[in-house]
Each structure stands twice: as structure tokens, then as C-alpha cells.
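Written below as C-alpha cells is the structure these notes are about.
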Amino acid sequence: MTKHIDGPLYLVGAGKMGSALLSGWLAEGLDPGHVIVQDPSPPADAKLLLEKHKISYGPSMELTVAAKIVVLATKPQLFDDVLPGLIDKLDDQTLILSIAAGKTIADIQALLGQRPVVRAMPNTPAAVNAGITVAVANQSVSEGQIQQAKTLLSAVGEVAWIDQESLMDAVTAVSGSGPAYVFLLAECLSQAAEKAGLPPDLAQLLARKTISGSGVLLDSSAETAANLRTNVTSPGGTTEAALKVLMAEPGLAELLEEAVDAAKQRSRELSS
């Protein structure tokens with residue numbers, strides 16, 4: 003539980019992901035008095051959250067003692083401007099937890115020095131506590147700090163750990179960018195429904211509920227996605243007719259493989 007994080011916790015950036023994390027921490031029992039937020043202009047909903055819990059925020063906040071944990075949730079392109087100003091808020095044992103896409107542990111150490119760093123890649127379903135985050139730690143991170151990072155990240159969904167930071171490009175391509183692939187599927191299914199003769203409102207409702215409901219079923223079932231697909235597919239039926247189109251070569255599998263590879267390569271370019 004985040005209530006066991008005794009602070010001070012310094013959150014840099016209160017945008018969509020930063021405020022989603024903060025909301026999750028507070029819901030899990032984190033003492034608002036242990037949190038300080040550095041953000042010159044939080045979005046309206048984040049500002050309401052901060053003011054409701056009387057959490058201090060501003061362009062640069064003063065600390066009476068070094069931060070125990072610093073969470074980097076600011077835009078990656080602001081790192082060079084923002085991170086050097088954090089030096090006086092840290093000590094050698096401050097845990098740096100970064101959720102900035104494309105910024106490597108080496109990038110962070112180049113600006114903040116050799117410190118305990120956890121690099122994490124959450125995804126946007128974190129906004130509804132249904133995210134999946136993948137994290138990797140450098141050798142300076144203690145077992146206790148691993149547990150602290152896990153506690154903070156699990157407030158918005160599940161957490162998985164990897165040992166090789168190089169895998170983060172593939173993680174970004176699959177789960178970081180993945181929600182956009184699902185939203186595109188919803189768009190395409192809705193458009194296909196309209197072309198099949200359904201009214202636009204009903205077409206969109208069926209697409210949204212079919213995809214979201216299937217996601218809940220997939221998440222709650224012990225069966226594989228392949229087995230669940232087979233369960234819906236009656237021999238000679240309508241689903242089989244549709245799947246013959248989607249599973250032809252080249253089909254959906256090949257397109258997704260190509261899409262993930264393109265995202266992986268772009269992630270690698272942005273990290274280099």
C-alpha cells in the first residue's frame with residue numbers, strides 16, 4: 003500500500019500520466035502531506051486534485067530534506083531544462099522513478115549523476131486503474147526501493163519487471179502504443195458496422211462494448227486468447243467466415259507484426 007511510502011515524494015509533472023499516478027496513490031492511502039508536485043501549470047483536473055488534497059505545487063518547490071523518491075512524469079523533451087534543477091533536492095539514496103518515454107537510464111544519469119534509477123513504461127489505461135507497467139532498475143536500486151517502485155506503479159494497474167533495458171523498445175511498441183491499436187480497431191469496426199447498414203450511434207456502441215467487454219473477458223479468463231477465439235468460432239458459422247478474411251496471409255497477424263516492429267524501431271531511434 004502506498005500509505006507506507008513515508009516521503010517526501012517529489013512528483014515532476016502532473017499531466018495525464020502524472021496525475022493518474024497521483025490519483026491512484028491517494029486512493030491507496032498515500033498521505034498527501036508527503037507529496038510535493040513540480041509543475042508550473044497543471045491541467046484543470048490535476049489542479050482540482052492537488053487543491054482538494056492541499057498538495058503543494060509550483061514551477062520549482064523547496065524541500066527542507068532531500069526527497070526520498072522523485073517521480074519523473076514530465077515530457078521527455080523537457081528533461082534537459084528540468085532535471086539539472088533537481089540536484090539540490092536529492093541525496094545519494096534518492097530513488098529516481100522515470101515514466102518518460104524514450105529516456106534511458108543513461109540519459110537520466112547523465113543529468114542527475116549515478117543514483118538509483120527505475121525506468122518504467124506505463125500505458126494510458128492507467129487512467130482507469132487498468133494499466134500495465136513494465137519496469138527495469140539499475141544496479142544501484144536496493145530491494146527495498148524495488149518494492150517502493152512496485153508499490154507506486156501498481157496503484158494504477160499491474161507491474162512486470164525486466165532485466166534488460168534494451169527490451170523497453172519492444173515493450174513500448176506493444177503495451178505503450180498498444181491502446182492506440184485497440185482504439186483503431188474500434189474505429190474500423192464501427193465504420194464497418196455502418197457500411198453493413200447499422201445507424202452510426204448503434205455502430206459505435208456495438209464496437210465499443212464488444213471490444214471493452216472482450217477485454218474484460220480476456221483479462222478475467224484463465225484461457226488463452228487463442229482458446230477464447232476458438233470458443234466463439236462455430237464451424238461453418240459467421241465468425242469463421244470473418245476470421246478467414248482476417249487470418250488470410252497477409253492478414254491481421256502480419257500487419258500487427260509490421261506495426262509493432264515499426265514502433266519498436268522508432269522507439270530505438272528516439273532513445274539513441
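Residue 141 in my numbering sits at position 139 of the sequence shown, with consecutive numbering throughout.
Built from N, CA and C at the ideal position, the CB exists for glycine as well.
Small disclaimer: the values here were computed from a predicted structure and weren't measured.
Who are the near neighbours of residue i in its chain, counting only those whose CB is closer than 7 Å to its CB and skipping five residues on each side?
i	result
A209	A188, L191, S192 and A195
L254	L248
T235	T241, E242 and L245
N131	G26, V158 and G159
R270	D171
L28	P34 and H55
Looking at the secondary structure, which residues open and close the alpha helix (DSSP H) in which residue i lies?
i	result
T153	E145 to L155
G180	G180 to K197
I213	P202 to S222
S273	L254 to S273
E242	T240 to L248
V176	Element bounds for V176: n/a, residue is neither H nor E.
T232	A227 to V234
Whole angstroms are fine: how far does the CA of residue j sit from the CA of residue i?
i	j	result
L245	E256	14 Å
L207	Q166	41 Å
L272	P201	42 Å
A137	E53	30 Å
P10	Q149	16 Å
A175	I57	34 Å
A228	L220	10 Å
A112	D93	16 Å
E225	D83	48 Å
D263	M19	25 Å
F276	T232	Past the boundaries of the shown model lies residue 276; the chain is included only from 3 to 274, so the question cannot be answered.
L258	G238	26 Å
Y12	K91	9 Å
L169	W163	11 Å
A68	R268	36 Å
L230	S223	9 Å
G199	A205	9 Å
Q95	L74	16 Å
I7	S216	36 Å
Y59	P42	8 Å
P78	L85	10 Å
H55	S21	13 Å
L24	I110	22 Å
I134	G178	9 Å
G87	V72	13 Å
T16	K197	Here the sequence assigns Ala to residue 16, which means Thr is not the residue at that position. Rounded to the nearest angstrom, the two C-alpha atoms are 42 Å apart.
P45	K266	30 Å
L186	A48	28 Å
Grab me the residues of residue i's own chain with a C-beta within less than 8 Å of its C-beta, minus the 5 sequence neighbours each way, in chain order.
i	result
Q116	S142
I89	L114 and G115
Leaving out the 5 sequence neighbours to the left and right, which residues in its chain are closer than 6 Å to residue i when beta-carbon positions are compared?
i	result
N140	I107 and V119
V173	M123 and V136
D33	none
A128	A22, V158 and G159
Continuous alpha helix (DSSP H) assignments of at least 4 residues falling wholly in the region 13–86: 18–29, 46–54 and 81–84
If contact is defined by three or more beta carbon pairs under 8 Å, each pair taking one atom from either stretch, is the region 27–41 in contact with the region 53–68? yes
Would you call the region 210–220 in contact with the region 157–167, where contact means no fewer than 3 C-beta pairs closer than 8 Å? no
In chain order, which continuous runs of the alpha helix (DSSP H) of length 4 or greater are located wholly inside the region 89–169? 107–114 and 145–155
Touch test, the region 85–101 against the region 110–125, Cβ-Cβ under 8 Å, three pairs minimum: yes
Between the region 176–184 and the region 142–152, do three or more beta carbon pairs fall short of 8 Å? no
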